[in-house]
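Read the structure below first, then the notes.
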Amino acid sequence: MILALWRAKTAYPWANEAWFASPALNLLQRGFMGTTILESKGSWMEGMDRHTYWILPLHILTQAAWYKVLGFSLLTLRWLSICWGAVILFAWYALMYQLSQDHKVALLTVGLIALDDHFISVAALGRMDAMCAGLGWAGCAAFVCLRQRWLHRAIFAGNALVAASCFTHPCGALYFAVLSALTVYYDRARLGWREVALAAAPYLAGLGAWGIYIVQSPAQFWSQFSGNASGIASEFTEFSRWSGLRAPLTAFKREMVRYLAAFAWYIAPNFWWRFQVSILVVYAFGVIAALSTPSIRCHPGYRALLLAGTVFYVLLMLFEGLKSSTYLVHTLPIATALLAASIFHYARADRSAFARRAALAASVFFVGIQLAYGLTANLVPRGQWDYDATLSFLRQHTNIRLPGRRSWGAPNWHSNWDSTPISSTIPGWVTTVESGRTLLWPTTFTVAGSTCQEPATRRFTSTYNGS
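For the sequence shown, numbering that gives the first Met the number 0 begins at 0 and goes up steadily by one.
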C-alpha cells in the first residue's frame, strides 16, 4: 500500500486517466454520462459527448460515487485503483489458502504480488484494470472457498462478482472463462439447470440495467462499442483486435514481445534497466518448476491453478490485439502464485540443502530486484517529468485567461521517445512537438484538475521557442 500510494503521488498523468474520468465527473456535476474530453465528430465515437458507450459503465458509476465522497482529483482517482489493488491481494490470499491449504504459501504469494512493480504501477493508475482484476479474482476466490459447503451460494457469489468485472472492462470475460473452467473442473457432477440459472442471473441483471441506458441511443451504442471492440487496436498498431485468431503463431510471438517490452528490454538505455528482464526470468523458472515437479503438478489445488493460468494466458494471447502491458495485472498474479508454490516446495526441510539454498536465493533475489526497480521508479519518475513547470510555462506563454486556467490542446504531451512528429494546437498559436505517435483526437483538458499526460518541459519549451 505504501509503495502504491507513493507511486500514485509521483507517476506522471496519463491521457487514459482523463478519458475515463470525464464521464464520471460529468455524471456527478452535470447529470449526464458523456465523455466531453475527446472530439468525437466524424468517427466511431460520434455522440460520446452525451452518452458513453465505448467503455463499460461500472467503473464510471463507481468513480462518480467515489468523487461524491472524496472529491475529484487525479489522486482520488488513483486511490480508487489502490483500493481495488488491496482487493486483489485479499482475493489471492483466500484463493491460495484454499488451493494449497497452507497459510504460508498464501502469505508468500500475496507478499510477492504486492512487491511486483508492474502490479504497483497498475494499482496506482487511474484506469479500470485494477477494479476489473479485483472483482474477477474475488469472484474466483468466492467460488473456490464456498463450493464445498454451499454450492449454490458459491455459484451465485462467484458469478455476481465476475459479472461486475465483465461490466467494468472487457477483460472481465477472461474471468468468466476461468470461473467456468473451475466450476466444471470441481463440480461438473453436481451441475444442472438450476445451477446454470443461478450463474446466469447476475449477467442478465447487469445486461438489463445497462440496456436501460443503451436504449437512450442504440445507434450511438453500436457505433461506439463496436468501434472500440474492433478498431482501436488497429489505430495504435498494425494489428486488429482479432488478429490473434487469424494468426495464432504471430499472436504468440507478439505476446512474448508484450512481456519483454513491459520489462524494458527494448527501450532500456543501459544495462541496469535492461537487467529488469531478470524478474521475468525468475517468473519463468517458477512456472517451469511448478510444471516439472510432479508433487506440484499433480496437487489438486495447484492443478486448478494451472488450468486457470492456461485459460487466461491463451485467451489473452488470442483476443487482445493491442498487447498493452497494463493487462499484466491479470496474468502476473498467476505466475507469482506458481513461483510461490515452487519456492515453498523446494524450501521445505525434507528437500536437499542445494534445493533449499536455491529457493532461498530465488526469494531474496526476486524481492530485492523488485524493490530496487520499484523504489527507483518512485524516486526518479520515468523521464523526470516536471509537470508543474510545464503548466507554469503554458500559463506564462499563452494569452488564454479563462476561468479555472484551462488550456486546450492534444490529449497527449510526450517527450522525444519516438521519431514521428505530432501537432498540438493551442488557441492563438500552433507548435509542432517532436515525439509520440499520430494524433488521433484533439481534446480539452483542465490544468487545475491535472488531467493531461506526460508533459516534458525542456522539449516542449525548446520546440515552442523555435516555433
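Heads up, the beta-carbon is just placed ideally off N, CA and C, and yes, glycines get one too.
Values in this document were obtained by computation on a predicted structure and should not be read as measured data.
Query	Result
Round the Cβ separation of Thr226 and Trp43 to the nearest angstrom and send it over; I've been treating them as touching at under 8 angstroms.	Going by the sequence as given, residue 226 is Gly instead of Thr. The pair is a contact, with the Cβ atoms about 3 angstroms apart (cut-off 8 angstroms).
Along the chain, where does the alpha helix (DSSP H) that runs through Gly300 open and close?	299–318
If I'm right that Leu178 touches Leu314 with Cβ under 8 angstroms, what's the distance once you round it to whole angstroms?	Leu178 to Leu314, Cβ: 13 angstroms. No contact.
DSSP three-state call for Gln469: helix, strand or coil?	Any answer about residue 469 is impossible in this case: the structure gives the chain only from 0 up to 466.
For Trp264 and Leu88, what's the separation of their Cα atoms in angstroms?	28 angstroms
Hey, out of Tyr11, Trp271, Thr108, whose CA is closest to Pro475's CA?	The structure shown has nothing for residue 475, since the chain only spans 0 to 466.
In three-state terms, what does DSSP make of Gly403?	Here the model assigns Gly403 a pLDDT of 47, short of 50, so the residue's position is not dependable, and the following value carries that caveat. Gly403 falls in the coil class under three-state DSSP.
Mapping the DSSP letters down to three states, classify Ala346 as helix, strand or coil.	coil
For the 8 angstroms Cβ check, are there 3 or more pairs between the stretch 109–122 and the stretch 150–170?	no
According to DSSP, is Leu73 part of a helix, a strand, or is it coil?	helix
Once DSSP output is grouped into helix, strand and coil, what is the label at Arg6?	helix
Judging by CA-CA distance, which residue of Phe262, Thr167, Thr182, Ser222 is the nearest neighbour of Ser120?	Phe262
Taking the alpha-carbon of His117 as reference, which of Ala228, His329, Ala361, Ala348 has the nearest alpha-carbon?	His329
Could you check if Ile342 is buried or exposed, using at least 16 other CB atoms within 10 Å of its CB as the buried criterion?	buried
Given Asn15, which residues of its chain have a CB within under 6 angstroms of its CB, disregarding the five upstream and five downstream residues?	Arg126
Nearest to Ala3 by alpha carbon, out of Val104, Leu26, Ala129?	Ala129
Between the stretch 300–310 and the stretch 84–99, are three or more C-beta pairs nearer than 8 angstroms?	yes
I need the DSSP call for Leu290, collapsed to helix, strand or coil.	helix
Check each candidate in Tyr326, His168, Thr167, Leu145 and name the one with the smallest Cα separation from Gly157.	Leu145
What residue range does the alpha helix (DSSP H) around Met47 cover?	Taken as a continuous stretch (DSSP letters only), Met47 belongs to no alpha helix (DSSP H), as it is neither H nor E.
Taking all protein chains shown into account, decide if Lys40 is buried (16 or more other Cβ within 10 angstroms of its Cβ) or exposed.	exposed
Excluding the five sequence neighbours on either side, which residues of its own chain have a C-beta within less than 6 angstroms of the C-beta of Pro201, listed in chain order?	Asn158, Ala159, Ala162
Kindly list the residues whose CB is nearer than 7 angstroms to the CB of Thr471, restricted to its own chain and excluding five residues on each side of it in sequence; keep chain order.	No statement about residue 471 is possible, as the shown extent of the chain runs from 0 to 466 and does not include it.
Suppose the cutoff is 7 angstroms on Cβ atoms and the five residues either side in sequence are ignored; what does the same chain contact list for Thr35 look like?	Ser21, Asn25, Asp48
Report the residue from Pro247, Gln62, Leu124 whose alpha carbon sits nearest the alpha carbon of Ala7.	Leu124
Count Cβ pairs between the stretch 265–284 and the stretch 347–367 that sit closer than 8 angstroms; are there 3 or more?	yes
In terms of residues, what are the limits of the alpha helix (DSSP H) holding Leu181?	171–186
Thinking just about the alpha-carbon of each residue, which of Arg29, Leu37, Gly30 is nearest to the one in Ala489?	For the chain, the structure presents residues 0 to 466; residue 489 sits outside this window and is missing.
Short of 7 angstroms in beta carbon distance, which residues of its chain neighbour Ala140, apart from the five on each side in sequence? Order them along the chain.	Ala90, Ala93, Leu94
Could you pull the start and end residues of the alpha helix (DSSP H) that Asn15 belongs to?	14–29
Could you check where the alpha helix (DSSP H) with Met477 kicks off and where it finishes?	Since the first residue of the chain shown is 0 and the last is 466, residue 477 is not available in this structure.
Grouping DSSP H, G and I as helix and E and B as strand, with all else coil, what is Trp65?	helix
At which residues does the alpha helix (DSSP H) containing Pro201 begin and terminate?	192–213
For a test of the three-state rule: what should DSSP assign to Thr325, helix, strand or coil?	helix
Give the secondary structure of Leu114 by DSSP, where H, G and I count as helix, E and B as strand, and everything else as coil.	helix
Which residues in the same chain have their Cβ closer than 8 angstroms to the Cβ of Ala307, if we skip the five residues on either side of it in sequence?	Cys139, Val177, Ala180, Leu181, Ile333
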